[in-house]
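Residue numbering for the sequence shown follows full-length UniProt numbering, beginning at 1 and increasing consecutively.
Heads up, the beta-carbon is just placed ideally off N, CA and C, and yes, glycines get one too.
Step one of this worksheet: look at the structure below.
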Amino acid sequence: MVRFFIGRLAQSLVLLVLVSAIGFAVLHLAPGGPLSQFALVPGLSQADIARIAHEMGLDRPLPVQYWEWFSRLLAGDWGRSYRDSQPVLAVIGSRLPATLELMVAAILIAVVIGISVGIMGAVRRYSIFDTLATVGAMVALSIPTFWFGLITIYVFAVKLQWLPAGNRATIGGGGSILDYLHHLIAPALVLALVEVAVWSRYMRSSMLDVINQDYIRTARAKGLPERTILLHHAFRNALLPMITLAGLELPSLLGGALVTETVFTWPGMGRLFLDSLGYRDYPVVMGILMFSAILVLLGNLLADLLCAVADPRIRLT
Numbered sequence: 001m002v003r004f005f006i007g008r009l010a011q012s013l014v015l016l017v018l019v020s021a022i023g024f025a026v027l028h029l030a031p032g033g034p035l036s037q038f039a040l041v042p043g044l045s046q047a048d049i050a051r052i053a054h055e056m057g058l059d060r061p062l063p064v065q066y067w068e069w070f071s072r073l074l075a076g077d078w079g080r081s082y083r084d085s086q087p088v089l090a091v092i093g094s095r096l097p098a099t100l101e102l103m104v105a106a107i108l109i110a111v112v113i114g115i116s117v118g119i120m121g122a123v124r125r126y127s128i129f130d131t132l133a134t135v136g137a138m139v140a141l142s143i144p145t146f147w148f149g150l151i152t153i154y155v156f157a158v159k160l161q162w163l164p165a166g167n168r169a170t171i172g173g174g175g176s177i178l179d180y181l182h183h184l185i186a187p188a189l190v191l192a193l194v195e196v197a198v199w200s201r202y203m204r205s206s207m208l209d210v211i212n213q214d215y216i217r218t219a220r221a222k223g224l225p226e227r228t229i230l231l232h233h234a235f236r237n238a239l240l241p242m243i244t245l246a247g248l249e250l251p252s253l254l255g256g257a258l259v260t261e262t263v264f265t266w267p268g269m270g271r272l273f274l275d276s277l278g279y280r281d282y283p284v285v286m287g288i289l290m291f292s293a294i295l296v297l298l299g300n301l302l303a304d305l306l307c308a309v310a311d312p313r314i315r316l317t
């Protein structure tokens, strides 16, 4: 286990270096840049813009800029935002709780509904329920997240007025838990929609593989109740691929959060990323990119460890 952990940690560090180098290069080689904001300010001469570029270190060769940024990152200094001069970690930290709150709610919805629908679809294979679940999953996977978000706002916020149209809490409402939950329902459901479809399809397939195994037939031949067979013999083994899937779905969930937060004006990291990208706030954009990469790598590592705990036959080497 220790050897596996050290090996995966070394691989993760290499991947982080690659992600940082590619992200830094793509960001800085893209058209425009932080100086394009100053070009719009009346009264600033080319000499003033050149001086600002020198103070920001943007007039140096790209490899030098990357090495200086990466050296500060290793020392724990993630830089300062171009927009408000706040430390990048403080800016990300102020938005992180909202994104985690949204992602945790979406994961809970996806796990509960997706696994339940997948199991029932496998047990009642080719039934009306299974057909409707299959069609529903295909529709959910085909609908763009932003479109479903806009439809949700139109139906439940504008027409029915059951849910708020956006924001994390009512402005001036005191910030009660019920108010937060009320605002969380719509964006969490929208973010969970694709995950429910994916989890239900994988769970159905995994469950079908397990319930056709010989040991399940043996359990049925012994006269065990079907409920006991499904819950105590089939469910645990069918759950193993879902643990791996949870780690692999983290990037998709982060991407969905970016769109969902924008549609619902949710004050999280996804909305911060788009705002920072529009302002060419490179330190914040790189900070969010690195933070997301770390989160995804940790999620995959945790999924591998949980697989080993759930199934002792898996050896981590």
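Integer Cβ distance of residue i from residue j, believed to fall under 8 angstroms
i	j	result
valine 111	tryptophan 199	7 angstroms
alanine 157	leucine 163	5 angstroms
isoleucine 216	alanine 238	Contact flag wrong, Cβ pair sits at about 10 angstroms.
isoleucine 49	leucine 35	6 angstroms
leucine 191	alanine 106	4 angstroms
leucine 27	tyrosine 282	6 angstroms
leucine 274	leucine 289	So it is not a contact: roughly 13 angstroms between Cβ atoms.
methionine 203	glycine 299	Not a contact, Cβ separation roughly 19 angstroms.
serine 12	leucine 253	So it is not a contact: roughly 19 angstroms between Cβ atoms.
glycine 287	valine 88	4 angstroms
Buried versus exposed call for residue i [16 or more other C-beta atoms within 10 Å across all chains shown]
i	result
isoleucine 177	exposed
aspartate 84	exposed
arginine 95	buried
isoleucine 211	buried
tyrosine 154	exposed
proline 63	exposed
arginine 125	exposed
glycine 32	exposed
valine 17	exposed
alanine 137	buried
tryptophan 266	buried
glutamate 195	buried
tryptophan 67	exposed
arginine 227	exposed
glycine 76	exposed
For residue j and residue i, the rounded distance between their alpha carbons
i	j	result
residue 322	isoleucine 109	Residue coverage of the chain in this structure runs from 1 to 317, which leaves residue 322 outside it and unanswerable.
threonine 145	phenylalanine 264	11 angstroms
glutamine 86	arginine 80	5 angstroms
threonine 152	alanine 197	17 angstroms
leucine 102	leucine 58	36 angstroms
glycine 270	valine 123	38 angstroms
leucine 100	valine 284	18 angstroms
serine 116	leucine 272	34 angstroms
aspartate 209	threonine 134	17 angstroms
valine 296	glycine 247	7 angstroms
tryptophan 78	isoleucine 92	10 angstroms
alanine 21	glutamine 46	30 angstroms
alanine 303	phenylalanine 4	13 angstroms
lysine 222	glycine 118	26 angstroms
threonine 170	valine 41	35 angstroms
lysine 159	tryptophan 147	17 angstroms
leucine 193	arginine 236	24 angstroms
valine 2	aspartate 214	35 angstroms
glycine 255	isoleucine 294	15 angstroms
Residues that DSSP places opposite residue i in a beta bridge
i	result
arginine 80	Pro87
Reference residue i, options the options, closest by Cα
i	options	result
threonine 260	Trp69, Gly32 and His183	His183
arginine 168	Lys159, Leu181, Arg72 and Gln161	Leu181
leucine 245	Asp179, Ala25, Leu89 and Cys307	Cys307
proline 241	Lys222, Ser205 and Leu254	Ser205
tyrosine 82	Leu277, Gly299, Ala10 and Thr228	Leu277
proline 61	Gln37, Val88, Phe24 and Arg236	Phe24
isoleucine 52	Trp69, Phe38 and Gln65	Phe38
proline 251	Ser292, Met207 and Arg220	Ser292
glycine 268	Ile229, Ala188 and Leu193	Ala188
arginine 230	Gly121, Phe70, Gly255 and Met56	According to the sequence displayed, residue 230 carries leucine and not arginine. Closest option to leucine 230, Cα to Cα, is Gly121.
phenylalanine 70	Leu305, Val104, Gly172 and Val19	Val19
aspartate 130	Met286, Arg201 and Val2	Arg201
valine 309	Ser127, Gly256, Tyr279 and Ile243	Ile243
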